[in-house]
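Counting in UniProt numbering, the sequence shown runs from 1 upward without gaps.
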Amino acid sequence: MSAPLLEIKDLHVSFYDKKSKITAVQGVDLTIPNGETVAVIGESGSGKSITSLSILGLLPLSASVDNGSILFKDHNLLKFSNKEMQQIRGSEISMVFQDAQASLNPAMKVGVLITEGLKARKKLTKHEQRSEALRLLRMVGLKNHVYDQFPSQLSGGMKQRVLIAMALSGEPSLLIADEPTTSLDVTVQSQILDLINDYKIENDASILLITHDFGVVAEYADRVYVMFGGKVVEAGDVYTLFRNPIHPYTKGLISSIPKISDTEERLKSVSDFVFEEVGYVGRRFAPETYSIENKVYDAPSELVEVEPDHYVRLFVEKEAVGR
1 MSAPLLEIKD
11 LHVSFYDKKS
21 KITAVQGVDL
31 TIPNGETVAV
41 IGESGSGKSI
51 TSLSILGLLP
61 LSASVDNGSI
71 LFKDHNLLKF
81 SNKEMQQIRG
91 SEISMVFQDA
101 QASLNPAMKV
111 GVLITEGLKA
121 RKKLTKHEQR
131 SEALRLLRMV
141 GLKNHVYDQF
151 PSQLSGGMKQ
161 RVLIAMALSG
171 EPSLLIADEP
181 TTSLDVTVQS
191 QILDLINDYK
201 IENDASILLI
211 THDFGVVAEY
221 ADRVYVMFGG
231 KVVEAGDVYT
241 LFRNPIHPYT
251 KGLISSIPKI
261 SDTEERLKSV
271 SDFVFEEVGY
281 VGRRFAPETY
291 SIENKVYDAP
301 SELVEVEPDH
311 YVRLFVEKEA
321 VGR
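Shown next, in the form of structure tokens:
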């Protein structure tokens, strides 16, 4: 078996201030094979975006990687200098951020935004830069006149397409898409995700898809990691997780997907679960549904393989561990 394109091992990331430490990512292991879409799903604050920012070395100044490794093509990115990471970003690994409005410089025309990236990665004449930028715009479904427009003149969907064009300008082997369809209507969401999927297929690239939407996962992902409280609580191929979700949080996410049925039922939500704050080291998970009502669980185990290529972080009753 060939080595994966990217492999995260035992990643720990914390935020620091003068008086406290908040652990945002706790012991995450994640593998992205060549040519596959790997989804990381979880609620806001679960650690999924921090994990993706760690890959590119773009953590906030208050955050730090405490432990672990991030192997990209067998090289540990955490050992790279800032200059080496600059060479990786946008060429080998690119990212589509979730907030297009905040990610595009409002004072620059779209053509300038794209060609600035091209100049940093390719030796092209001005004419070649323009031609390549126009090609990228057409590739993401935008017309040539967008080249001379400012971001403020574009719709939300068009801005997101521009971000994708910028991200693909370096022809990356790994594209990280962090909630790429936030605030877009359903039709545009599908178009944006189709664009990303087409790039993967045509270039044999890999995608890391950060999302909170299991419907998106079902449609586009090959493999999925479910994160809660900074930890991966369940992982496996997408078909297995939908067929046999085991962790209560995974079940809660899947059951919250609206279904067409003849019976009227209350739509379940993740708020059916209780979240307990535990100092500054993470959060416990105390499920109140699925036949284990009113029991407190503690001491989460390591991920356990419950069937081939299906891993779950099991929980032990609090009383059973002598607490």
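Backbone N, C-alpha and C define an ideal beta-carbon position, used for all residues, glycine too.
Between the alpha carbons of Tyr249 and Pro180 lies a gap of roughly 23 Å. In its chain, beyond the 5 residues on either side, Arg161, Ile164, Ala165 and Leu195 have a beta carbon closer than 7 Å to the beta carbon of Val140.
The residues Pro106, in chain order, have a CB closer than 8 Å to that of Ser152 in the same chain once the five nearest residues on each side in sequence are set aside. Taking C-beta atoms as the reference points, Asp178 and Ser91 fail to come closer than 8 Å. Fully enclosed alpha helix (DSSP H) runs of no fewer than 4 residues occupy 82-88 and 100-103 of the region 74-112, in order along the chain. Selection Gly57, Ala100, Ala63 and Met227 evaluated against Phe72 yields Gly57 as nearest (Cα-Cα). Look at the region 171-222 and you find these whole runs of alpha helix (DSSP H), each 4 residues long or longer: 186-203 and 214-220. Per DSSP, Leu136 is one residue of the alpha helix (DSSP H) stretching across Lys126 to Met139.
By the Cβ-count criterion, Ile201 is exposed, with fewer than 16 other Cβ atoms from all chains shown falling within 10 Å of its own Cβ. Per DSSP, the continuous alpha helix (DSSP H) segment holding Val162 begins and ends at Gly156 to Leu168.
As the crow flies, the alpha-carbon of Arg121 is around 45 Å from that of Ser255. Where Leu241 is concerned, the enclosing alpha helix (DSSP H) starts and stops at Val238 to Arg243. Residues Gly90, Ser91, Glu92, Ile93, Ser94 and Ala205 of the same chain have their beta carbon placed closer than 8 Å to that of Pro172, with the five preceding and five following residues left out of the count.
In the three-state scheme derived from DSSP, where H, G and I count as helix and E and B as strand, Gly117 is classed as helix.
Within its own chain, the residues whose Cβ lies closer than 6 Å to the Cβ of Leu193, once the five positions on either side in sequence are excluded, are Tyr220, listed in chain order. For Thr51, DSSP records no beta bridge to any residue.
Taking Ala218 as reference, the option from Asn144, Asp237, Phe228 and Ile207 with the minimal CA-CA separation is Asp237. Taking Gly68 as reference, the option from Lys83, Val28 and Met85 with the minimal CA-CA separation is Val28. The region 205-215 makes contact with the region 35-43; the number of CB pairs closer than 8 Å reaches 3 or more.
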